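A.B. asks: Please see the structure below; I have some questions.
There are 2 protein chains.
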Amino acid sequence: MGPGPISAYPSVLRAMSAPLVGQYDPFMTAAMAETQELYRGVWGTRNDATLLIDGTSRAGIEAAIVSLVRPGDRVLVPVFGRFGHLLAEIAERAMAEVHTIETEWGQVFPVSVIEEAIVRVKPTLLALVQGDTSTTMNQPLDEVGAICAKHGVLFYSDATASLGGNAFEADAWGLDAATAGLQKCLGGPSGSSPLTLSERAVEVVRSRGRVEAGIREPGDASAADFVRSNYFDLGMILDYWGPRRLNHHTEATSMLYAARECARVLLLEGRDAVIERHRVAGAAMLAGVQGLGLTVFGDLAHKMNNVVAVEIPAGVPGDEARAAVLTDFGIEIGTSFGPLHGRVWRIGTMGYNAREDAVLTTLAALEAVLRRFGASVPAAGGTDAAADTFRAA
Amino acid sequence: MGPGPISAYPSVLRAMSAPLVGQYDPFMTAAMAETQELYRGVWGTRNDATLLIDGTSRAGIEAAIVSLVRPGDRVLVPVFGRFGHLLAEIAERAMAEVHTIETEWGQVFPVSVIEEAIVRVKPTLLALVQGDTSTTMNQPLDEVGAICAKHGVLFYSDATASLGGNAFEADAWGLDAATAGLQKCLGGPSGSSPLTLSERAVEVVRSRGRVEAGIREPGDASAADFVRSNYFDLGMILDYWGPRRLNHHTEATSMLYAARECARVLLLEGRDAVIERHRVAGAAMLAGVQGLGLTVFGDLAHKMNNVVAVEIPAGVPGDEARAAVLTDFGIEIGTSFGPLHGRVWRIGTMGYNAREDAVLTTLAALEAVLRRFGASVPAAGGTDAAADTFRAA
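Structure below.
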C-alpha cells in the first residue's frame, strides 16, 4: 500500500508465466500489435506510435526526451516535486539547455504560470510530470496542450504515477509525448514503459533517423543529429514495432504479456470505472487517515486519487512505525524524498490495491501501530470513516 | 529452436508469477543481494559490482559502454558479425572515437591480431563480442584480458549469446566488464541484463560519479564528465544495488525473479554440467544437420555450443520452409543478418532447449519439410546422427 510498486493484479502475475515465442513469430507480432491497440485505449489516443519501452518508467522518460531533444535545445520543466527534478536531470544529461520553474511542494502550477514561462523561455519541449508521487499532487494538464500548440512547443508528460487512476486524455489534451510505468495504477510490475507519440513528435524523431550499423541498407537515412543513445532511439524502436519490423532490441516478451494484461484488465473494467474506483478508494483512505486524526500534506484539491501523504504525528518514530506495519501486518507504506523525507508517510491505493478490504486493513493496522507508539487515535476512527466513504460511493 | 529468444525453463516462467513487494522491503533487498551472489557464480567472478540492468541485453551493453567511455575516448571493436557492428554503433553514439577491425563472417580473430590493433589504436576500451549469434562464432577470450592489462586497456565483452552455454571466466580471463541477457543459454525471457564490473572498471565509473538532482545531498560528487545517460549511469545503479540503496529506477521485480531463477537453475545443475549439456546438444544438432546432408557455415573449431548455421540447400525457399517448420511443427528456427540473410538457417540448442527430445524433434521436422520442398535428404539421417551423439556422450 505504498506509493508503488504495488501488488499486481493476479491475472497480470499469471500472464507472465505464459510460454515465450520467437520475436518474429506471428503470435508475437500479433501480441505486440494488440498491445499497441490496447494502450491507445488506455492513453485516450489514436496515435499510431503507441508502444512499450523495454525498461522501467524512467527508461520511457529518457527515450522520449533524448529522441525529442537535440543537444542545445531549450527544455522547460516545471518542478513541483522529486520527479520534476528527474525530468530536468535527464534533459540536462541529454545536453539540453534546461530551464526550470519551481513551486512549493504540495502545490501545482496554475496554467498561466506555465504559459508565462513558455513565453519567456521559448523552449522546444515542455516536460511536465502529471502526478508526482513525492508530493501526491496531480498537475492539471487539460489546458496545457493548447498553450504549447499556440507557442509551437512540444508537450511531453510523465504519467507514471497517475495513468489509469486519474483522467488522462492524450489526444484531447494535446500531448505530443507521454510515458508511464506499470507499477502504479496499471497494477503490474515495474519493467515496461508504455509510451505514445503524436504525429508531430514522430516527425521530429524521424528527422533524426539513423538505422544502426549491421542492419543498415542502402537508402536508409542517417541524420547528422542522430540520437545519442541506441537503446532509446525512438526512430529505431518505431521501425521495430512498425511494419518494417527492423531488428533492434529483443522484445521483453514476459513484460509485454504483463503490460498487455494490465491494459486488458483496465479496459475490461472500463477506463472511467477504474478511475472512479481509484477516486473512491483514495477518498476513503483520505477520510480514514483524517478519521485517525492525522494531518494530510498538500493541496487536497489537486491530490492524485491514488496516493495520500500524511504528516507523521509528533512523537511517533516514522521509520520504526513503518517497519512495524510491514513486519506485523505485512503491509508496506512509504516515506518520501527531499524535504518530505521522514516528515510524511505516503499511502497508496493503486490498481489492484484500490479495494475496500485493502484500505480498511491498512487503516486498522495503522491505528494499531500508532497506538503502540503512543499516539492518541480514535478507536476505529480510520476504518469507520473509510467504510462510510465506500458505502456512500 | 532459433538463435534466441528461446523457450524458458518452466521454473523461470513460474518465478515471474510471484507476488511483488516494495523496492526497499527487506525481502526485496535480500532477493537483490541473492541474485548478485548467484550471478557471481554464473560469471566466474568475485566482483562486488555484479548486478542486473533493467532492460534487454543491449541495455546492458549501452550501460557498460556509456559508463566506461568518455566522449572522445578511443574504443577498439573487433567485428566478426552483426553484434560487433552493434558495439561499434553504441560506442559511436556515446561519442567515442571508434576503431574497428573486421574479419570474414564465420571466422574469429587470432589473439595476435587483436594485440596488434591494440598497440596501433591505443584504445581506452576493447569491446569484444564473445559469441556472435549472427555467425555462430565463439571468439576465444582467455588470453585477451592479459593483453589488455599489459597495454592498460579496459576489456569489455558482450556475452549475451554465449553465457551459460560456453565457458566464461570473468576473473580468470581478466574481464573488466561483461554483460549478457537471459534469453539465450540462461533460459529466461529477454528484459534483464546481467552485468559485472571489475574493481578497475568501478573506479572509472566512480570517477564520473553524479548523484541525480532530486535526491542529491551535500557532499555528493558531481563530476564534470558525468555519464550522458541517467538510466545507464552505472555509478547511480551501483548506489541503488549497494548498501546506500539510493533511489534510481524502480527495480523490475518480476524480471529480477526470472533472472534469479535462471541463475539458480544453472548453478543447481552445475555450471560445468550445463555447459557440457550445451556442448552435447550442440554437437548432436551439428551431427544431425550434417546427417541430413546440409552444409554448415563457419569455422567449426570456433562454433558456439548453442547455435549452428546451415546453408539453405539450393532450390529450397528458405523463408517458406522456415514458416512450414513453425506452422506445421510449432518449431521456430531463424535466418541471419547482413550477408547471411536468406543464405543460412540458424538453429539453436540453448538453455531449456538443450535437450535430446528438442534436438531430435527439430531434426525430424526439418527432414520432413526439406523433403516436402524437394530436397533429397537421407531418411532419418538427422535423428540417427543426433541420437548417436547423445548416446556416446
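Chains as they are written, first to last, in my numbering: chain A, 1 to 393; chain B, 394 to 786.
Virtual Cβ for every residue (Gly too), placed ideally from N, Cα, C.
All values derive from a computational prediction rather than experimental measurement.
#1: Quick one: give me the first and last residue of the beta strand (DSSP E) that residue 588/B is part of.
#2: How big is the Cα-Cα spacing for residue 485/B and residue 522/B?
#3: Quick check: is the beta carbon of residue 440/A nearer than 8 Å to any beta carbon in chain B?
#4: Cβ closer than 7 Å: which chain A residues qualify as neighbours of residue 416/B?
#5: To the nearest angstrom, report how far apart residue 229/A and residue 175/A are at their CA atoms.
#6: Within this structure, are the beta carbons of residue 1/A and residue 347/A separated by less than 8 Å?
#7: In chain B, which residues lie with their C-beta within 9 Å of the C-beta of residue 337/A?
#8: Does chain B have any CB closer than 8 Å to the CB of residue 162/A?
#9: In chain B, which residues lie with their C-beta within 7 Å of the C-beta of residue 407/A?
#10: What first and last residue would you give for the beta strand (DSSP E) that runs through residue 333/A?
#11: Based on the DSSP secondary-structure assignment, which residues constitute the bridge partners of residue 345/A?
#12: By Cβ distance below 7 Å, which residues in the same chain neighbour residue 226/A in space, the five residues on each side in sequence not counted?
#13: Using a Cβ-Cβ distance cut-off of 8 Å, determine whether residue 570/B contacts chain A.
#14: Between the alpha carbons of residue 32/A and residue 331/A, how many angstroms are there, rounded?
#15: Have a look at 103/A, 110/A, 133/A and 159/A and flag the residue whose alpha-carbon is nearest the alpha-carbon of residue 127/A.
#16: If I'm right that residue 461/B touches residue 518/B with Cβ under 8 Å, what's the distance once you round it to whole angstroms?
#17: Look at the alpha carbon of residue 566/B and the alpha carbon of residue 435/B, and state the distance between them as a whole number of angstroms.
#18: Count the other C-beta atoms from every protein chain shown that fall within 10 angstroms of the C-beta of residue 341/A, then say buried if there are 16 or more, exposed otherwise.
#19: Quick check: what's the CA-CA separation for residue 651/B versus residue 662/B?
#20: From the DSSP secondary-structure annotation, give me the bridge partner or partners of residue 131/A.
#21: Identify the continuous alpha helix (DSSP H) that holds residue 179/A and give its terminal residues.
#22: Could you tell me if residue 720/B is buried or exposed, where buried requires 16 or more neighbouring beta carbons within 10 angstroms of its beta carbon?
#23: Applying the criterion that 16 or more other CB atoms from any shown protein chain within 10 Å of the CB defines a buried residue, is residue 361/B buried or exposed?
#24: Can you tell me the Cα-Cα spacing of residue 443/B and residue 147/A, whole angstroms?
#25: Assuming residue 490/B contacts residue 467/B (C-beta within less than 8 Å), just tell me the rounded distance between them.
#26: With a cut-off of 8 Å on the beta carbons, I'd call residue 511/B and residue 546/B a contact; round off their distance for me.
#27: Measure the alpha-carbon distance for residue 777/B versus residue 554/B and round it to whole angstroms.
#28: Grab me the residues of residue 421/B's own chain with a C-beta within less than 6 Å of its C-beta, minus the 5 sequence neighbours each way, in chain order.
#29: Flag residue 478/B as yes if its beta-carbon sits less than 8 Å from any beta-carbon of chain A, otherwise no.
#30: With a threshold of 16 other CB atoms inside 10 Å of the CB of residue 300/A, please say whether the residue is buried or exposed.
#31: Could you name the residues of the same chain whose beta carbon sits closer than 6 Å to that of residue 463/B, not counting the 5 residues immediately before and after it, in chain order?
#32: In chain order, what residues of the region 585 to 614 of chain B put their CB closer than 7 Å to some CB of chain A?
#33: Are residue 673/B and residue 786/B close, meaning C-beta to C-beta below 8 Å?
#34: Are the region 631 to 648 of chain B and the region 184 to 199 of chain A touching, with three or more C-beta to C-beta distances below 8 Å?
#35: Opposite residue 147/A in the DSSP bridges: which residues?
#36: Jot down the residue ranges of each uninterrupted alpha helix (DSSP H) in the region 240 to 299 of chain A, minimum 4 residues, whole runs only, in chain order.
C.D. replies: Well, looking at it:
#1: Counted from its first residue, the second sequence places residue 588/B at position 195. From DSSP, the beta strand (DSSP E) with residue 588/B extends over 586 to 590.
#2: In the second sequence, counting from the first residue as 1, residue 485/B sits at position 92. In the second sequence, counting from the first residue as 1, residue 522/B sits at position 129. Each residue's alpha carbon lies about 16 Å from the other.
#3: The question about residue 440/A has no answer, for chain A in this structure spans 1 to 393.
#4: One-based indexing of the second sequence puts residue 416/B at position 23. Within 7 Å Cβ-Cβ: 5.
#5: Within the first sequence, the letter at position 229 stands for residue 229/A. Within the first sequence, the letter at position 175 stands for residue 175/A. The straight-line gap from Cα to Cα measures roughly 23 Å.
#6: For the purposes of this step, residue 1/A is taken as the residue at position 1 of the first sequence. For the purposes of this step, residue 347/A is taken as the residue at position 347 of the first sequence. Between residue 1/A and residue 347/A, the CB-CB gap stays under 8 Å.
#7: The residue you call residue 337/A lines up with position 337 of the first sequence. Residues of chain B passing the Cβ test: 607, 608 and 640.
#8: Start at 1 with the first residue of the first sequence, and residue 162/A comes out as number 162. For residue 162/A, the answer is no, since every Cβ of chain B falls outside 8 Å of its Cβ.
#9: Only positions 1 to 393 of chain A appear in this structure, which leaves residue 407/A out of reach.
#10: As a first step, residue 333/A must be located in the first sequence, where it is residue number 333. Residue 333/A -> no beta strand (DSSP E), and no H or E assigned at all.
#11: Counted from its first residue, the first sequence places residue 345/A at position 345. Its beta-bridge partners are 310/A.
#12: Against the first sequence, residue 226/A aligns to sequence position 226. Cβ within range, chain order: 208 and 210.
#13: In the second sequence, counting from the first residue as 1, residue 570/B sits at position 177. It does not; no Cβ of chain A falls within 8 Å.
#14: As a first step, residue 32/A is located in the first sequence; it is residue number 32 there, counting from the start. As a first step, residue 331/A is located in the first sequence; it is residue number 331 there, counting from the start. Using only the alpha carbons, I get a separation of about 35 Å.
#15: Counted from its first residue, the first sequence places residue 127/A at position 127. The closest CA to that of residue 127/A, considering only 103/A, 110/A, 133/A and 159/A, is found on 159/A.
#16: Mapped onto the second sequence, residue 461/B falls at position 68. Mapped onto the second sequence, residue 518/B falls at position 125. With a contact defined as Cβ atoms closer than 8 Å, residue 461/B and residue 518/B qualify at about 6 Å.
#17: In the second sequence, the residue the question calls residue 566/B occupies position 173. In the second sequence, the residue the question calls residue 435/B occupies position 42. Taking the straight line joining both Cα atoms gives about 14 Å.
#18: Locating residue 341/A in the first sequence gives position 341, counting from the first residue. Label assigned to residue 341/A: exposed.
#19: The residue given as residue 651/B occupies position 258 in the second sequence. The residue given as residue 662/B occupies position 269 in the second sequence. Looking at the two C-alpha atoms, the distance is approximately 17 Å.
#20: As a working note, residue 131/A is residue 131 in the first sequence. DSSP output for residue 131/A lists 138/A as bridge partner(s).
#21: Looking up residue 179/A in the first sequence gives position 179. Taken as a continuous stretch (DSSP letters only), residue 179/A belongs to no alpha helix (DSSP H), being part of the beta strand (DSSP E) at 177 to 179.
#22: Taking the second sequence and counting its residues from 1, the one referred to as residue 720/B is at position 327. Residue 720/B comes out exposed.
#23: Outside the shown range of chain B (394 to 786) lies residue 361/B, about which nothing can therefore be said.
#24: In the second sequence, residue 443/B corresponds to position 50, counting from 1. In the first sequence, residue 147/A corresponds to position 147, counting from 1. Cα-Cα distance, rounded: 47 Å.
#25: Residue 490/B sits at position 97 when you count from the first residue of the second sequence. Residue 467/B sits at position 74 when you count from the first residue of the second sequence. Going by Cβ atoms, the distance from residue 490/B to residue 467/B rounds to 5 Å, so yes, they are a contact pair.
#26: Here residue 511/B is taken as the residue at index 118 of the second sequence, counted from 1. Here residue 546/B is taken as the residue at index 153 of the second sequence, counted from 1. Right, their Cβ atoms sit about 6 Å apart.
#27: Here the question's residue 777/B lines up with position 384 in the second sequence. Here the question's residue 554/B lines up with position 161 in the second sequence. Their Cα atoms are separated by approximately 28 Å.
#28: Taking the second sequence and counting its residues from 1, the one referred to as residue 421/B is at position 28. 414, listed in sequence order.
#29: In the second sequence, residue 478/B corresponds to position 85, counting from 1. Yes, because at least one Cβ of chain A sits closer than 8 Å to the Cβ of residue 478/B.
#30: Start at 1 with the first residue of the first sequence, and residue 300/A comes out as number 300. That one is exposed.
#31: On the second sequence, residue 463/B is found 70 positions in, with the first residue counted as 1. Cβ within range, chain order: 618.
#32: 605, 606, 607 and 608
#33: Looking up residue 673/B in the second sequence gives position 280. Looking up residue 786/B in the second sequence gives position 393. A contact, by the Cβ cut-off of 8 Å.
#34: yes
#35: Taking the first residue of the first sequence as position 1, residue 147/A is located at position 147. Answer by DSSP bridge pairing: none, since residue 147/A is not bridged.
#36: 253 to 269 and 271 to 291
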